[in-house]
Each structure stands twice: as structure tokens, then as C-alpha cells.
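Below: the structure, in C-alpha cells.
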Amino acid sequence: MVKFLKPNKAVVLLQGRFAGRKAVIVRSFDDGTRDRPYGHCLVAGIAKYPKKVIRKDSAKKTAKKSRVKAFIKLVNYNHIMPTRYTLDVDLKDVVSTDVLQTRDKKVTAAKETKKRFEERFKTGKNRWFFSKLRF
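Note that the sequence shown ends on residue 139 in my numbering; no numbers are left out.
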């Protein structure tokens with residue numbers, strides 16, 4: 005079988021608290037691990053999308069509307085839908101499986117992920133990833 009759930013692939017989560025949210029695969033575990041004996045992946049995604057920015061907004065309001073809230077999660081392959089998009093954000097050094105062990109490590113990793121997502125959003129690239137899914 006062809007391996008298509010590779011790192012930097014944009015996916016949509018289908019189940020759980022972040023259902024309908026977009027995420028990017030950081031690392032994939034096709035054969036599973038001992039505690040998760042099924043195919044799964046580590047994803048970093050957007051919990052709160054940036055708002056629409058218009059020209060007449062002040063710089064302060066633009067900065068507030070451009071904020072993103074990120075999440076980090078291990079997700080079963082059955083609960084994600086891959087998309088044709090890829091996102092070239094380097095999160096491998098920030099997000100790893102050992103980050104999920106303690107809450108404070110997870111929070112600091114989520115903050116760093118948030119910063120990188122916001123930088124990406126401000127450059128204007130990957131506009132689809134930063135827009136809310138409408139259905």
C-alpha cells in the first residue's frame with residue numbers, strides 16, 4: 005500500500021473535540037506503537053482560526069484578528085481525512101511524542117506552534133489552511 009500520510013500533509017480531523025479542524029501531520033506511525041497498536045499520527049492544528057482582516061482595521065485590531073490558537077494531538081488514521089494540500093512549516097523540532105507526557109511541556113510546545121502558524125499566516129501563504137471549514 006502506498007504511504008500517503010506523510011509529514012507536512014494537511015488533514016481535517018473527523019472525530020473528537022477538534023472535529024472539522026484543520027491540522028498538519030508532524031510524524032506518522034504506520035505500524036503503531038506498543039500503547040497504541042494501530043496506525044496513528046502526531047498532528048498540530050488550529051483550534052481557533054484567525055478572523056477576517058479588513059483594510060480599515062487599526063494595527064492593534066489587525067494583530068488581534070490575526071491570532072491563532074494551536075493544538076497538538078495523537079490521532080488515529082481512521083479519524084482524519086487527508087487533503088491535497090501540504091504545509092511547509094517545520095514543527096519537528098518543537099512537537100514530538102514526549103511533549104505530550106506532561107501538561108507544561110505540551111503548553112509550551114503549543115505556544116511555539118501557535119507562533120509558527122501566526123508567522124505563516126502573516127506571510128499570506130497557505131490561505132486555505134487558515135480559513136475556517138465551511139459545510
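From the three backbone atoms N, C-alpha and C, an ideal C-beta is built for every residue, glycine too.
Inset, instruction - Express the C-alpha separation of PRO41 and ARG124 in angstroms, rounding to a whole number. - result: As a first step, residue 124 is located in the sequence shown; it is residue number 120 there, counting from the start. As a first step, residue 41 is located in the sequence shown; it is residue number 37 there, counting from the start. Going from the Cα of ARG124 to the Cα of PRO41 covers about 34 angstroms.
Legend entry - ASN82 - DSSP class collapsed to helix/strand/coil: Position 78 of the sequence shown, counting from 1, holds the residue named residue 82. DSSP places ASN82 in helix when its eight states are reduced to three.
Inset, instruction - Could you give the DSSP three-state label for ARG38: helix, strand or coil? - result: If you number the sequence shown from 1, residue 38 lands on position 34. Three-state result, ARG38: coil.
Inset, instruction - Mark THR112 as exposed unless 16 or more other C-beta atoms lie within 10 angstroms of its C-beta, in which case mark it buried. - result: Locating residue 112 in the sequence shown gives position 108, counting from the first residue. Looking at its Cβ environment, which holds fewer than 16 other Cβ atoms inside 10 Å, THR112 is exposed.
Legend entry - Whole-angstrom distance between VAL28 and LYS46, CA atom to CA atom: As a first step, residue 46 is located in the sequence shown; it is residue number 42 there, counting from the start. As a first step, residue 28 is located in the sequence shown; it is residue number 24 there, counting from the start. One point to set straight first is that residue 46 is Leu, not Lys, in the sequence displayed. Cα to Cα, the separation comes out at about 9 angstroms.
Inset, instruction - Work out the CA separation of THR117 and HIS44 for me, nearest whole Å. - result: Position 40 of the sequence shown, counted from the first residue, corresponds to residue 44. Position 113 of the sequence shown, counted from the first residue, corresponds to residue 117. About 20 angstroms.
Inset, instruction - Specify, as a first and last residue, the run of the beta strand (DSSP E) that ALA51 falls within. - result: The residue you call residue 51 lines up with position 47 of the sequence shown. 44-52 is the span of the beta strand (DSSP E), which, as asked, contains ALA51.
Inset, instruction - Determine the burial state of ASN82: buried for a count of at least 16 other Cβ atoms within 10 Å of its Cβ, exposed for fewer. - result: Within the sequence shown, residue 82 is the residue found at index 78, counting from 1. By the neighbour-count rule (16 or more Cβ atoms within 10 Å), ASN82 is not buried but exposed.
Inset, instruction - From the DSSP output, read off the bridge partner residues of LEU17. - result: In the sequence shown, counting from the first residue as 1, residue 17 sits at position 13. In the DSSP output, where bridge partners are listed per residue, LEU17 has ILE84.
Inset, instruction - Tell me where the alpha helix (DSSP H) around PHE33 begins and ends. - result: Taking the sequence shown and counting its residues from 1, one reaches residue 33 at position 29. Here PHE33 belongs to no alpha helix (DSSP H); instead the beta strand (DSSP E) covers 26-33.
Legend entry - Proximal residues to LYS126 (C-beta, below 7 angstroms), its chain only, five neighbours per side dropped: Position 122 of the sequence shown, counted from the first residue, corresponds to residue 126. Around LYS126: SER70.
Legend entry - Length at least 4, wholly inside the stretch 54-80: the alpha helix (DSSP H) runs in chain order: 63-69
Inset, instruction - Grab the span of the alpha helix (DSSP H) containing ALA114 for me, first residue to last. - result: Mapped onto the sequence shown, residue 114 falls at position 110. Counting along the chain, the alpha helix (DSSP H) containing ALA114 begins and ends at 107-127.
Inset, instruction - Return the chain-ordered list of same chain residues with a C-beta closer than 7 angstroms to the C-beta of ALA14, the five sequence neighbours on each side being excluded. - result: The residue you call residue 14 lines up with position 10 of the sequence shown. If we look at ALA14 and ignore the five residues flanking it on each side, its Cβ neighbours are LYS26, VAL28, THR87, TYR89, THR90, LEU91 and PHE133.
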